[in-house]
Amino acid sequence: MDENCIFCKIINGQIPSTKIYENDYVYAFLDIMPVNKGHTLVVPKKHSKNLLEDDVEDLKHCVEAVQKIAPAIVRAVEADGFNLGVNTNKAAGQAVFHTHFHIIPRHEEDGLRPWPQRKYDEGEIDPVKEKIIKALEK
Ligand code: AMP
Ligand code: ZN
Numbered sequence: 012m013d014e015n016c017i018f019c020k021i022i023n024g025q026i027p028s029t030k031i032y033e034n035d036y037v038y039a040f041l042d043i044m045p046v047n048k049g050h051t052l053v054v055p056k057k058h059s060k061n062l063l064e065d066d067v068e069d070l071k072h073c074v075e076a077v078q079k080i081a082p083a084i085v086r087a088v089e090a091d092g093f094n095l096g097v098n099t100n101k102a103a104g105q106a107v108f109h110t111h112f113h114i115i116p117r118h119e120e121d122g123l124r125p126w127p128q129r130k131y132d133e134g135e136i137d138p139v140k141e142k143i144i145k146a147l148e149k
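Position one of the sequence shown corresponds to residue 12 (our numbering), numbered consecutively onward.
What follows is the structure, given as structure tokens:
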């Protein structure tokens, strides 16, 4: 428990939330500012500031919960699919520094656009690959 963390407070019941599911390890509730209705946050009960710092067993529990919850959300809001998102660090849009998975229901005609995609310039892809492989060795 991090006493300054809004999601820890939600898990503890100090701040109200619209809970849809809970077990010993995981708490899931509706996002107050949904991308689409039914947008849900799945969070490990144990505080960690992001996915990279979370215990792998906790992550397994979260993914297990996603497998259970996401199809129910899709059925409930009559969606056609969902996006699963984990924003990591401010640059990626992370605003709450307690690990969480976004389940965002999607509808065929919901008008949301996928991320813009770019191209590699000629000869650019291999150096990127090499740098990543080298970084993996550290
Ligand atoms: P992120 O930008 O990935 O850190 O996502 C944080 C999410 O938490 C945002 O989508 C917010 O709308 C949501 N959020 C923040 N405060 C609350 C709250 N009290 N109850 C439900 N969702 C919240
Ligand atoms: Zn927390």
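Ideal Cβ positions, reconstructed from N, Cα and C, are used throughout, including at glycine.
| field | Contact under 8 Å by Cβ, H109 with K30 | value | no
| In three-state terms, what does DSSP make of F18? | helix
| By how many angstroms is the C-alpha of E148 removed from the C-alpha of F112? | 28 Å
| query | Does the beta-carbon of I143 have 16 or more other beta-carbons within 10 angstroms, so that it is buried, or is it exposed? | reply | exposed
| Rounded separation between G92 and A146 - CA only | 35 Å
| From what residue to what residue does the alpha helix (DSSP H) around L147 run? | I136 to E148
| task | Answer yes or no: the CB of I21 versus the heavy atoms of the ligand AMP, is any distance below 7 Å? | result | yes
| query | Does the Cβ of D42 lie closer than 7 Å to at least one heavy atom of the ligand AMP? | reply | yes
| task | Using alpha carbons as the reference points, say which of A102, E68 and D137 lies closest to K57. | result | E68
| Comparing the CB of N98 with every heavy atom of the ligand AMP, is any distance shorter than 7 Å? | yes
| Where the alpha helix (DSSP H) through E75 begins and ends | V67 to A87
| request: Can you check DSSP and say which residues form a bridge with L95? | output: I114
| said: Whole angstroms are fine: how far does the CA of C19 sit from the CA of Y38? | reply: 10 Å
| What are the start and end residues of each continuous beta strand (DSSP E) run of 3 or more residues lying completely inside the region 45-69, in chain order? | 51-55
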